[in-house]
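Undergrad: Just dropping this structure here.
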Amino acid sequence: MKTVIYYYTGTGNSLWTARTLAQELGDTELIPMTGGTKPQSKPEAAGFVFPVHMWGVPGRILEFIRDMEKSEGLYYFAVAVNAGQVSRTLIQLEEEMRQYKMRLSAGISVELPGNYVPWGGPGTEEEMKKLGIKAEEKIKKWAPRIKAKEEAKVERGPLWQRIVFTYIYNMTKKHINMMDKNFTVDDKCNSCGICEKVCPAHNINMVSGKPEWNRKCQQCFACIQWCPQAAIQYGKDTAKYPRYHHPSVKLSDITASIK
Ligand SMILES: Cc1cc2nc3c(=O)[nH]c(=O)nc-3n(C[C@H](O)[C@H](O)[C@H](O)COP(=O)(O)O)c2cc1C
Ligand code: SF4
Ligand code: SF4
19 MKTVIYYYTG TGNSLWTART LAQELGDTEL IPMTGGTKPQ SKPEAAGFVF PVHMWGVPGR
79 ILEFIRDMEK SEGLYYFAVA VNAGQVSRTL IQLEEEMRQY KMRLSAGISV ELPGNYVPWG
139 GPGTEEEMKK LGIKAEEKIK KWAPRIKAKE EAKVERGPLW QRIVFTYIYN MTKKHINMMD
199 KNFTVDDKCN SCGICEKVCP AHNINMVSGK PEWNRKCQQC FACIQWCPQA AIQYGKDTAK
259 YPRYHHPSVK LSDITASIK
């Protein structure tokens, strides 16, 4: 079965997930949702692998699905990569896709280390390792079910999460682009320009050797997490916390996925 996985990632967790699943499925093409490429041939199944942002689907994924070439009757699946609070993300995706007559046949939640650095670091080495093992087991368990084009109820968080956090998602989504006003750069910056290169929204310009943000942010946190000097801060507390990206994903994987 030829499969296409469309992925979106800030710190590599979703790329690792997409790669791991692709390996299990076999004959799978990985396409970044930020890269502007199209599948080389017509797939029999298509998946979306992306991080949960603010308890819902990141705006970039919604735009991608709105604009993509759709095939009625194609088997669609999704993996929402998260830090323990998938909430209503996959139900939201299912509803969005229904508008375009796309049926989401399987929606899976995979937990990996958190990259929302204003709330702290990703956890201890041991915690991260445990999450990685559990995630891999889950992906391996699901792969044959996807291969068999199984229909399953999408995964979801508890009801209280879906009520409270969906309200917050709806309140915050219109402000996401502007949230980069919270980024600052400190004197550790050595003007390497990596933050500009990893931004999928081309939202960063280097001005006099320092990054400036342009209010079209997607809140993927690639810039703050990939800065090799940890010179980017978000609000007051991030200087205290370690930076994170998935250990098997390289900076070049991120830059190569951006058009
Ligand atoms: C702006 C932002 C919002 C986030 N919101 C959530 C959330 O609502 N629930 C959750 O479990 N994780 C949340 N996270 C954590 C990411 O979903 C998680 O770390 C994911 O594995 C990152 O994937 P990536 O490395 O592919 O970008 C958020 C991260 C960011 C940057
Ligand atoms: S990645 Fe960090 S060190 Fe490099 S230019 Fe950006 S802020 Fe400065
Ligand atoms: S400015 Fe930073 S957080 Fe915003 S989209 Fe670009 S890389 Fe992601």
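Reading the sequence shown from the start, the letters are residues 19 to 277 in our numbering.
Here a beta-carbon is modelled for each residue, glycine too, at the ideal position from N, C-alpha and C.
(1) Below 8 Å on the Cβ atoms is my contact criterion, and I expect I194 with W73 to pass it. Report the Cβ-Cβ distance as a whole number of Å.
(2) Grab me the residues of N223's own chain with a C-beta within less than 6 Å of its C-beta, minus the 5 sequence neighbours each way, in chain order.
(3) Does the separation of the CB atoms of A249 and V182 fall below 7 Å?
(4) Could you work out which residue in R121, I23, G28, T184 is closest to T38 when comparing CA atoms only?
(5) Taking 8 Å as the threshold, find out whether the stretch 119-130 comes into contact with the stretch 100-107 through three or more Cβ pairs.
(6) Report back the beta-carbon spacing between P50 and T21 to the nearest angstrom; my notes put them in contact at under 8 Å.
(7) Taking I212 and C245 to be in contact with their CB atoms under 8 Å, please state how far apart those CB atoms are, rounded to whole angstroms.
(8) Cβ of H263 within 7 Å of Cβ of W34?
(9) Assign L48 to one of two classes, buried (16 or more other C-beta atoms within 10 Å of its C-beta) or exposed (fewer than that).
(10) Expressed to the nearest angstrom, what Euclidean distance is found between the alpha-carbon atoms of Y26 and E155?
(11) Would you say the beta carbon of C217 comes nearer than 6 Å to a heavy atom of ligand 2?
(12) Find out if the Cβ-Cβ distance for the pair L111, L130 is shorter than 7 Å.
(13) Give the straight-line distance between the Cα atoms of A219 and N200, rounded to the nearest whole angstrom.
(14) For R163, I'd like the list of residues in its chain whose CB is within less than 6 Å of its CB, leaving aside the five on either flank, ordered along the chain.
(15) Who does N21 pair with in a DSSP beta bridge?
TA: Answer, in terms of the structure:
(1) About 13 Å separates the two Cβ atoms, so there is no contact after all.
(2) E230
(3) No, Cβ-Cβ distance for A249 and V182 is not below 7 Å.
(4) I23
(5) Enough Cβ pairs lie closer than 8 Å, so yes.
(6) Not confirmed; about 16 Å, so no contact.
(7) 6 Å
(8) no
(9) buried
(10) Taking the Cα positions, Y26 is about 21 Å away from E155.
(11) no
(12) no
(13) 17 Å
(14) Nothing meets the Cβ criterion.
(15) First, the amino acid is wrong: residue 21 is Thr here, not Asn. Bridge partners of T21: T46, A63.
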